[in-house]
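Protein chains in written order, with the numbering used here: chain A, 1 to 214; chain B, 1001 to 1199.
For each residue, glycine too, the CB sits at the ideal point set by N, CA and C.
As the structure is a prediction and not an experimental result, all values here were calculated from the model.
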């Protein structure tokens, strides 16, 4: 009996080969696109961070790269027993140290929050605070990036003696708030709380680490 | 069917949101700001058009047993390209939409149009269908976000035009208002254009 000729498309191997080929093609396209945009994304992120550091010390941001090189020094220290180095940004103007800024991390409602916090040289006060990355709900928790919210932490006392201060939340439209109170975002109390916890916990960690390391 | 008919059918007559009840998750999530809605809509439109074109292009060679895997791969690839493009060229929009852009991959409209149209029609027609479906989706998002942003923030596309006299309805910025607005829109469209036609 003559064996029936089976077309390649009808074979069991065809779907597997097809899937492998199509995957290679699309992964290749993605890789090319990723590499062609990578430099631009990295440069934008670098300038954004430099701008945030300058803003944290109330330094001019009209020419970000030039001012960053003039005022900011990138320093790092190693905690005993830890592999990773902690990088921080020190601002100096007219040979006077303005303060030190650190990148801090916290857990928001939907994902991680990355922020920048600048302390006075004695680590008693916050100079400024800014959010770098977050994935909170746009229009609600996403408002943690708004200036009125982040500026509330400017000049706040973070240390009392050896203890890190804790802040309380009050309503967004509250009047006459005290120095340990912060206005929360209406409808986003969890995101607001996440920011407060991040500032307290990370300040505790940084100051403790500095004490041990230096 | 002419290209204009395909566009009209996908955008309005068989609108993915109000007729097929697809893409609801993102219609609820991103519609508190018109700017986010527009960018999300354009992202979906772009992904729909290009994935429709690509799926249709290889439809005669795609084995039936793996067609859905192929469609998902193509859709995911185009969505990642949209995400990378936003990160590189419109970083502000990328920051605001960050978590949602990736979710375009799971938007049911993309798989729906791939299965219902792109897998059976020519690449150009599929592209027009994708643009139409994306336009219809963007249209719905913008209508919902117009009401939510005006009532919730007193602004349109971020430009505040209602003064402090307007008490911002914070519920309009939250998820429940999206359910109300979507339901009202469904009810209105069905009453005006579908139920009367039946009679």
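- Query: In the DSSP assignment, what residue or residues form a beta bridge with residue 149 of chain A?
  - Reply: The partner list for residue 149 of chain A (beta bridge, DSSP) is empty, contrary to what the question assumes.
- Which chain A residues sit within Cβ distance under 7 Å of residue 1063 of chain B? By Cβ distance, chain A contributes 14, 15, 18.
- Task: Provide the residue(s) that pair with residue 157 of chain A in DSSP beta bridges, ordered along the chain.
- Result: A/125
- Item | Contact between the segment 21-37 of chain A and the segment 1067-1074 of chain B (3+ Cβ pairs under 8 Å) | yes
- Message: Looking at the strands, I want to know which residues DSSP matches up with residue 114 of chain A.
- Response: Answer is A/105, A/133.
- Task: Please report the residue range of the alpha helix (DSSP H) in which residue 270 of chain A lies.
- Result: In the structure displayed, chain A extends from 1 to 214; residue 270 of chain A sits before or after that span and is not available.
- Item | Inter-residue Cα distance where the pair is residue 1134 of chain B and residue 18 of chain A | 29 Å
- What in chain B is Cβ-close to residue 105 of chain A, meaning under 8 Å? Ordered by position in chain B, no residue passes the 8 Å Cβ test against residue 105 of chain A, which lies about 16 Å from the chain.
- Message: Suppose contacts are defined by Cβ-Cβ distances below 8 Å. Is residue 1017 of chain B in contact with residue 1140 of chain B by that definition?
- Response: yes
- Message: What residue range does the alpha helix (DSSP H) around residue 1125 of chain B cover?
- Response: 1123-1153
- Using a Cβ-Cβ cut-off of less than 7 Å, give me the residues of the segment 183-209 of chain A that come near chain B, in sequence order. 186, 187
- Message: At the level of alpha carbons, what is the spacing between residue 174 of chain A and residue 1163 of chain B?
- Response: 19 Å
- Under a three-way DSSP split, which group does residue 57 of chain A fall into? coil
- Query: Tell me which same chain residues have a C-beta within less than 7 Å of the C-beta of residue 1047 of chain B, skipping the five on either side of it?
  - Reply: 1075, 1078, 1079, 1082, 1104, 1110
- Does any residue of chain A bring its CB to less than 8 Å from the CB of residue 1013 of chain B? no
- Cβ-Cβ separation, residue 119 of chain A to residue 158 of chain A (assumed contact under 8 Å), whole Å: 7 Å
- Message: Contact criterion: CB-CB distance below 8 Å. Does residue 37 of chain A meet it with respect to chain B?
- Response: yes
- Sorted by chain position, which residues of the same chain lie with C-beta nearer than 8 Å to residue 155 of chain A's C-beta, five sequence neighbours on each side aside? 125, 126, 127
- Message: Any beta carbon of chain A sitting closer than 8 Å to that of residue 1081 of chain B?
- Response: Taking 8 Å as the CB threshold, residue 1081 of chain B lines the interface with chain A.
- Query: So, does the CB of residue 1178 of chain B fall closer than 8 Å to a CB anywhere in chain A?
  - Reply: So no, residue 1178 of chain B is outside the interface.
- Item | From A/83, A/91, A/85, A/86, residue whose alpha carbon lies closest to that of residue 70 of chain A | From the listed residues A/83, A/91, A/85, A/86, the smallest Cα separation to residue 70 of chain A is found for A/91.
- Could you tell me how far apart the beta carbons of residue 1051 of chain B and residue 1122 of chain B are, in whole angstroms, since I believe they sit closer than 8 Å? With a Cβ gap of about 15 Å, residue 1051 of chain B and residue 1122 of chain B do not count as contacting.
- Task: Determine, using beta carbons only, whether residue 1131 of chain B and residue 1027 of chain B come nearer to each other than 8 Å.
- Result: no
- Query: Going by other Cβ atoms of all chains shown within 10 Å of its Cβ, with 16 needed for buried, is residue 1033 of chain B buried or exposed?
  - Reply: Flag for residue 1033 of chain B reads buried.
- For the segment 1123-1152 of chain B, which residues have a beta carbon sitting closer than 7 Å to at least one beta carbon of chain A? none
- What are the residues of the segment 1155-1182 of chain B that lie near chain A, defined by any Cβ-Cβ distance shorter than 9 Å? Per Cβ criterion, the list reads 1168, 1170, 1171, 1173, 1174, 1175.
- Task: Would you kindly work out how many angstroms separate the C-alpha atoms of residue 105 of chain A and residue 153 of chain A, rounded to a whole number?
- Result: Straight-line Cα distance between these residues: approximately 16 Å.
- Item | For residue 89 of chain A, the residue or residues it bridges with in DSSP | A/74, A/101
- Query: Expressed to the nearest angstrom, what Euclidean distance is found between the alpha-carbon atoms of residue 182 of chain A and residue 1041 of chain B?
  - Reply: 36 Å
- Task: Identify the continuous alpha helix (DSSP H) that holds residue 1070 of chain B and give its terminal residues.
- Result: Where residue 1070 of chain B is concerned, the enclosing alpha helix (DSSP H) stretches over 1067-1089.
- According to DSSP, is residue 208 of chain A helix, strand or coil? Helix, per DSSP.
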